[in-house]
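Residue numbers (the working numbering), protein chains in the order written: chain S, 1 to 598; chain F, 1 to 598.
For glycine and all other residues, C-beta sits at the position ideal for the given N, C-alpha and C.
Protein chains: 2
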Amino acid sequence: MRTSIATVCLSGGLTEKLHACAAAGFDGVEIMEADLLAAFESPEEIQALCRRLGLSIDMYQPLRDIEGVSTGLFEENLRRAEAKFELMERLGTRLVLLCSNVATATVADETVAAAQLGALADLAAEHGIRIAYEALAWGRYVSDYRDAWRLVQLADRPNLGLCLDSFHILSRGHDPSEIESIDAEKLFFLQLADAPALDLDVLSWSRHHRLFPGEGAFDLVGFLGHVLRAGYDGPLSLEVFNDTFRQTDVRRTAQHAQRSLRWLADRAAAAGGWSTGRLAPAQPPLGVDFVEIAGQDLAAVDEMLDRLGFAFAGRHRSKPVRLWTAGDASIILNEQDRGLEPRIAALGLLVADAEAAAEHARGIGAPPVFRRISAGDQELPAVFAPDGTEVYWADGPASASWRAEFGGGLASADGLLGIVDHVNLTSPWQDFDETVLFGAGVLGLEAEASSEVPGPLGLVRSVVMRSADGAVRLAMNLAPPAAPALPRHLAIRVDDAVAVASAARQRGMEFLPVPDNYYDDLAARFALDPAFGARLRGLGLLFDRDDAGAFIHGYTPTIGGVFLEIVQRIDDYRGYGATDAPIRLAAQRVAALQLTSW
Amino acid sequence: MRTSIATVCLSGGLTEKLHACAAAGFDGVEIMEADLLAAFESPEEIQALCRRLGLSIDMYQPLRDIEGVSTGLFEENLRRAEAKFELMERLGTRLVLLCSNVATATVADETVAAAQLGALADLAAEHGIRIAYEALAWGRYVSDYRDAWRLVQLADRPNLGLCLDSFHILSRGHDPSEIESIDAEKLFFLQLADAPALDLDVLSWSRHHRLFPGEGAFDLVGFLGHVLRAGYDGPLSLEVFNDTFRQTDVRRTAQHAQRSLRWLADRAAAAGGWSTGRLAPAQPPLGVDFVEIAGQDLAAVDEMLDRLGFAFAGRHRSKPVRLWTAGDASIILNEQDRGLEPRIAALGLLVADAEAAAEHARGIGAPPVFRRISAGDQELPAVFAPDGTEVYWADGPASASWRAEFGGGLASADGLLGIVDHVNLTSPWQDFDETVLFGAGVLGLEAEASSEVPGPLGLVRSVVMRSADGAVRLAMNLAPPAAPALPRHLAIRVDDAVAVASAARQRGMEFLPVPDNYYDDLAARFALDPAFGARLRGLGLLFDRDDAGAFIHGYTPTIGGVFLEIVQRIDDYRGYGATDAPIRLAAQRVAALQLTSW
């Protein structure tokens, strides 16, 4: 399927936007009039630039508030429109968008509106131009695509058809299945946008909070299915008004946009049983193969892992890389990075077919990772997550053969530790939605409900993306814009957190200090057995309970940009101790600032 | 009146918040339980710290979802509450906030809820504690303060009263005048918050978008009047959940908060005819006395002013400061700043009584400006605006005597120029609301409707604050978080913009280039006389029209962080050419990047 994007989705000037769209692989663009007016290049230059870049100008958006008006005003509107049709000839585009009148319509009579649409279409026909009429969700008299379709039928001109926009239809809760009854040759254009579930007036929601497909709450796969079953064969075009994308790097946003369309086309094709637009099948992860911590000097991490009860499982035969294991959890320490603080740098996932997973990811457009491989080393395919984390795939469910590259391990784990419960990644505020799309589209995970945690330097937004069986869970955190970067962490699930913490303390481990006030409240909230409460307090462990079970957990100090968490899930507790997260954020800040008393 | 603030309004840890509240002049605080739980200091330490700082702990907020529940759950709730009452004794506070049940209430019967409130009050009485019951706007059964008042009357306990919160009452549109019929001794506490007009679900609106009084759309002056007429004499306390204030510097936010309360108390006292809490009378500005541009090297600004037609009116007798004038507009160029780029640094306003204006500003808490004065120099009182601009007052309406300090002017203006139409200030996103409060509270201006301008690097939010007669207008712009700082500008109103621009061009002036595409669109939009359109295009002037008149304007290039605008208002045009602002922002970016073709 051809892909297109409205220039209003992107930051910068028009020529920058066009270059970025072409570089990201779009076939065409919709040009918003405001972008052309602010450009110093003439329409002829823009046309020529698009031709050189291989971009079609699929649609131009200069008209508004045309139909449903008094005769005098309509004459004036026709004069304005004719000037725009002449401009479109200079631009070399033949399709114009007409949104339903939101401001100046005063005539509620459909026959008047249809007659005016017809007259406009006749004028457009003199210039060889087609008109795509779209019902805006807040249109004065026309706000439903079914009303727009009726007007188009009433006007009955060959060059007058519909533009469908998923936002305007789904935001109002209009049933999209009736799209299938529209004549295919009257579906002139399709605009796609997702959006978060917000109880906000539809105009503000539309103008500021749209998202790329796969990042919001709309069922775009189902929506696109209806449009394709109706016989639409034009481009899939994105029209996403979003305050963030207006600010972020134009090239990156264009790539991000292109990935969302490829994901959507693949999902819709899979749902509809079509072969067009299909990628290699996604590979939902079966488990975490390894987590890699990288940095110039990881001696403090070695010490921490040893005290926690991990076993040193050996050194890599040719690189400054070490392996620690415990139960099914493997942590790789990589000291190839020069001058960087310790951080979670890579993640290995086990899938049924690693090559297919990589091919799927490349098909969507995730950037591949290059890593130098020595002779005989296992080569795992990998891509970069939006936050720069490298994600590797290995054939599973058993752990992969790269372990043979490590030798000389001396100890064995104490048997108390378990498996990777979840890995936490963080992203700057402008990359959050992209990270969610990556989790869903590239990694095959599903988003749980998002939450907000009040930290001492602002709200931290969080969403957990998980595989269907919970074997892989990635917690994505969004730091407040003005706050320093958050550390990332890795949570190890154990059978007995108290035993693990006790043993670790005996080996000299110090956990992140937790305020006494927290334990006083814990006792009040949960009517805990006092001896158990005292045990938690003595070990610095935290506790939560929900309807299905309970949760015991504790945090290590932060080393550079990484810390570990020990978690125990009792019965069917499904959360992550979110009520304890503010305590952790505050304690980490105290530790980072070395605040004692003020 | 005593002032108080909820610790949840501020960023940082609890002890930092307490220090900041004391430094800003608050008399007391409401402590949010989450802040205490995350603190390493014991309740006794917090009590002692507050005593040392001179802060009372006016209220503690640990209870939720207590009343309207099954008997079994209520017993559990009482147990939880008792632990909190014990904690409050350690903290040394005797008033607890109880919000209406939002999550666990299942019993709609008012007599049950009232009986449970009564039982809770009896338990509290054993600890000497009073309960302030508050209707949350999204409470399950109690969401209106009048319902809460009925329950309090039904329960009829001496230590059970009401907490009123302006947000919960005004956001739901409940009539606040009925507050006056509540018994004064039952008004235990008052929480104040403003909020912007948003059509958003009330929970999100409340949790993320509250503002300090004077910054939003609520009539807090009227609201407070009702509460004071009811006989309330407790503290005025702020409870403002706002994503931005959670992130910004705690000391600055506390000062900002304190200023908003002083402003509100003054306004409410003035409206009610009370003398308590009154400041010196505000002095609405009569005109702009001068605008000062400061920087290390202002030669390019001298040249620009000369070409525009300003007259060089002399040098200061003792400082590297020059004066340019034209009509009633005076621009001071100040080269005392070392190492800084040219920028608008100060603004002089003419008022009836400059000393009263300064006293009013100091009463609100605006930080005073210190400036070295030589013998015989005029000393003007001044304060800093939140963005660092210095604002001076001089007795008007005629211009002030400081002009005598300048001598040696050589030229006279060409008579084409006029007066200062508006001065544009910019603020980083976190200071925007504070800037609006400064304009209203300190300068005596009123906010017009705010707007959003799409620029190439994101949306620019803008609000114009003006004096009643429009003689002083400050346009405040908010740059997108990720974008570079915006330049500030100064607009000079003239009678004939075409003549001014023509004369300036003859003197070698180059205006900011405007794209041809803009002029093509102008012709289509307004059916302009072609000769007039060509004249605008030749001079680089822009044009707008509304129902009341028209607007001709043009921009100089940006020098450092400042540019000038020439504006002509035809008939009763009241705007600022907002539709042209995207064109300007794009052209300025092209000029700044020296982009030619890409």
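Short check: CB of residue 177(S) to CB of residue 137(S), under 7 Å?
no
What whole-angstrom Cβ distance do residue 141(S) and residue 72(S) have, given they're in contact under 8 Å?
19 Å between Cβ atoms; not a contact.
Roughly how far, in whole angstroms, is the beta-carbon of residue 441(F) from the beta-carbon of residue 259(F), given that I think they are within contact range, below 8 Å?
7 Å
Same chain, Cβ closer than 8 Å to residue 425(S), five either side skipped, listed in chain order
344, 385, 387, 389, 435, 474, 475, 476, 477, 488
Pick out whichever of 507(S), 27(S), 382(S), 10(S) has its Cα sitting closest to the Cα of residue 356(S).
382(S)
Find the nearest neighbour of residue 567(S) within the set 498(S), 250(S), 453(S), judged by alpha-carbon distance.
498(S)
Helix, strand or coil at residue 69(S) according to DSSP, with G and I counted as helix:
coil
In terms of residue numbering, what span does the alpha helix (DSSP H) encompassing residue 408(S) cover?
Premise fails: residue 408(S) lies in the beta strand (DSSP E), 406-408, not in any alpha helix (DSSP H).
Per DSSP, what kind of secondary structure is residue 500(S) in: helix, strand or coil?
helix
Identity of the residues DSSP links to residue 465(S) by a beta bridge
447(S), 474(S)
Pull out every residue of the region 275-299 of chain S whose Cβ sits closer than 9 Å to any Cβ of chain F, in chain order.
none
Tell me whether the region 88-98 of chain S and the region 125-132 of chain S touch, counting them as touching only if at least three CB pairs, one residue from each stretch, are closer than 8 Å.
yes
Could you tell me whether any Cβ in chain F is nearer than 7 Å to the Cβ of residue 57(S)?
no
Excluding five sequence neighbours on each side, which residues of the same chain lie with their C-beta closer than 6 Å to the C-beta of residue 223(S)?
166, 176
Would you call residue 126(F) buried or exposed, if buried means 16 or more other Cβ atoms sit within 10 Å of its Cβ?
exposed
Using a Cβ-Cβ cut-off of less than 8 Å, give me the residues of the region 27-51 of chain F that come near chain S, in sequence order.
33, 34, 36, 37, 38, 39, 40, 41, 42, 43
In the structure shown, what three-state DSSP assignment does residue 519(F) receive?
helix
Roughly how many angstroms lie between the CA atoms of residue 180(S) and residue 43(S), to the nearest whole one?
37 Å
Run through DSSP, which three-state label would residue 1(S) get?
coil
Residues that residue 459(F) bridges to, as DSSP identifies them:
454(F)
Can you tell me whether residue 253(F) is buried or exposed, with buried defined as 16 or more other CB within 10 angstroms of its CB?
buried
Cβ distance (whole Å) where residue 400(F) is taken to contact residue 289(F) below 8 Å
6 Å
Shorter than 7 Å from the beta carbon of residue 246(F) to some beta carbon of chain S?
yes
Please specify which runs of the beta strand (DSSP E), each continuous and at least 3 residues long, are wholly inside the region 386-445 of chain S, giving them in chain order.
390-395, 406-408, 419-427
Please state the DSSP three-state secondary structure of residue 191(S).
strand
So, with DSSP's three-state summary, where would you put residue 324(S)?
strand
Hey, how far is the Cα of residue 443(F) from the Cα of residue 20(F)?
25 Å
Whole angstroms is fine: what's the gap from residue 295(F)'s alpha carbon to residue 342(F)'s?
4 Å
Just tell me which of 581(S), 242(S), 350(S), 413(S) has its CA closest to the CA of residue 467(S).
350(S)
Which word fits residue 51(S), buried or exposed, when buried means at least 16 other C-beta atoms lie within 10 angstroms of its C-beta?
exposed
Any chain F beta carbon closer than 7 Å to residue 101(S)
no
Does the region 83-94 of chain F come close enough to the region 540-559 of chain S that 3 or more CB-CB pairs lie under 8 Å?
no
Return the Cβ separation of residue 492(F) and residue 417(F) in integer angstroms, given the expectation that the two are a contact with Cβ distance under 8 Å.
6 Å
Short CB-CB distance (under 7 Å) between residue 601(F) and chain S
Nothing about residue 601(F) can be reported from this structure: the residues present for chain F run from 1 to 598 only.
Residues that residue 491(S) bridges to, as DSSP identifies them:
422(S), 565(S)
Would you check if the distance between the CB atom of residue 154(F) and the CB atom of residue 108(F) is smaller than 7 Å?
no
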